[in-house]
Amino acid sequence: MEDFEDGYDGLPNNNPKAAAPCGQDELPCSDAILDLLAERQRQDDKWGEQNHHPYKWLAILGEEVGESNKAILEGSLLNYRDELIQVAAVAIAAIECLERGTWKQ
Numbered sequence: 182m183e184d185f186e187d188g189y190d191g192l193p194n195n196n197p198k199a200a201a202p203c204g205q206d207e208l209p210c211s212d213a214i215l216d217l218l219a220e221r222q223r224q225d226d227k228w229g230e231q232n233h234h235p236y237k238w239l240a241i242l243g244e245e246v247g248e249s250n251k252a253i254l255e256g257s258l259l260n261y262r263d264e265l266i267q268v269a270a271v272a273i274a275a276i277e278c279l280e281r282g283t284w285k286q
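Following this line, the structure appears as structure tokens:
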């Protein structure tokens, strides 16, 4: 396995938060899900409800994927993980917009 500069091992069993309750059924949530939910809240706090056309959502998502690519090419698993959380959060935001039916033409 390739060595990365930040030493991030990413093993979920090393983190006690990995079994935190999540959702209405109180199923266990991983750190990834908890971080995704926190990122979605941060996005809404920063920009409010976003209602972009699907093409614009794809452009935003592509930009986030590009940042993930850059992070891994630079050798930082920690930044890679953070960028992937942002990719997932943007994808969820796009789905929420689609479900609301409020996208702008």
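Remember, the working numbering sits 181 above the position in the sequence shown when you count from 1.
Note that CB positions come from ideal geometry on N, CA and C, so glycine has one too.
Keep in mind it's a predicted model, so treat the numbers as computed, not measured.
- For Asn232, there is no enclosing alpha helix (DSSP H), since its DSSP letter is neither H nor E.
- Where Gln267 is concerned, the enclosing alpha helix (DSSP H) starts and stops at 258–281.
- Taking 7 Å as the cut-off, the Cβ atoms of Ala270 and Gln231 do not count as close.
- Each of Leu239, Ile266, Ile241 was checked against the Cα of Ala252, and the nearest Cα belongs to Ile266.
- With distances taken between CA atoms, Ala274 lies nearest to Gly229 out of Pro209, Cys210, Gly229, Ser211.
- Nearest Cα to Thr283 within the set His234, Ala272, Arg262: His234.
- Taking the CA atoms as reference points, Cys210 sits about 11 Å from Leu218.
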